[in-house]
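In my numbering, the protein residues as written are 954 to 1249.
Notes follow once the structure below has been shown.
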């Protein structure tokens, strides 16, 4: 009897050893008093919230030249934190102009007030109901953040997403808000052919069904904020800001000169863009170069 029992237990151990790697890992619940941000991670047919270590170095004052957009989103976020009506927001426009940075700066500004950030990828937005149900009745306020929300020609996912957003956003608890960024105002490509079937009814021009269908997705967001390409003056002001910040931390004395401005413009021209990201990268290059020359 003992031999047969031992043989059975050995076989059971062998089976468990083979099955165990296939089982989902047990996840501990997140302590939102300590954790400021998380990312929705897809796992099989389900998923889980992965805690993130985030830097709170970005400040709202670091975002130069987007005062109107900063004030509008900050006001919307304060309404949200105070339990007042607030809108889901779509930040759209040129790349590198501060859309994502603005959302992260708001986290740094209001983390002590209970604001938390959850990143979710575009391809995982169908999981919104699963994410939201984990946040219901929690005392913190959660911004679900989808960076670079857009669709390419021929993708039909936006119709599925539209339905998901309808249900998820309308039924979302009061402590959940969705902020998304995109390079496109309507999130999907707009073609000239879409405008061929517009109709005139009683003197009024009515868009085609194709246009209505595409616009309907971005209409799910109550607040639209537009970000435009930088002028050269705007770009150089941002360069000055970031050089000042990096130089101050490194104890470097410097002053803005015409030669420095020319170098910054050449840097932007060589990269083919003139935006905040490019300005920050140039500032790091220039300050690092000055510090290296001091050591030589």
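Backbone N, C-alpha and C fix where the C-beta goes; we use that ideal spot for every residue, glycine too.
Predicted model, so just to flag it, every value in this text is computed and none were measured.
- With respect to residue 1011, residue 1057 sits close: the two C-beta atoms are nearer than 8 Å.
- Here DSSP, grouped into helix, strand and coil, assigns residue 1099 to strand.
- For residue 1047, the secondary structure class from DSSP, reduced to helix, strand or coil, is coil.
- Nearest C-alpha to residue 1050 among 1240, 1245 and 1232: 1232.
- DSSP, read as helix, strand or coil, puts residue 1082 in helix.
- DSSP places residue 1197 inside the alpha helix (DSSP H), whose first and last residues are 1185-1203.
- Between residue 1052 and residue 1044 the beta-carbon gap is near 4 Å, inside 8 Å, which marks them as a contact.
- Between residue 1130 and residue 1089, the CB-CB gap reaches or exceeds 8 Å.
- Of the other Cβ atoms in all chains shown, fewer than 16 fall within 10 Å of the Cβ of residue 961; this residue is therefore exposed.
- In this chain, the beta strand (DSSP E) harbouring residue 1129 covers 1129-1135.
- Restricting attention to 999, 1176, 1193 and 1210, the CA atom closest to the CA of residue 1032 is found in 1176.
- For residue 1036, the closest alpha carbon among the candidates 1127, 999 and 1028 is that of 1127.
- Looking only at 1134, 1193, 1189 and 1197, the smallest Cα-Cα distance to residue 1171 is reached by 1134.
- When DSSP states are grouped into helix, strand and coil, residue 1074 belongs to the coil group.
- Proximity to residue 1018 across 1067, 1210 and 1183 peaks at 1183, based on C-alpha coordinates.
- Taking residue 1023 as the centre and dropping the five residues before and after it, the same chain places the C-beta of 1013, 1016 and 1055 closer than 7 Å to its C-beta, in chain order.
- In the DSSP assignment, residue 1033 forms no beta bridge with any residue.
- Annotation: residue 1001 to residue 995 spans about 7 Å, alpha carbon to alpha carbon.
- The Cβ-Cβ distance between residue 1034 and residue 1066 falls below 8 Å.
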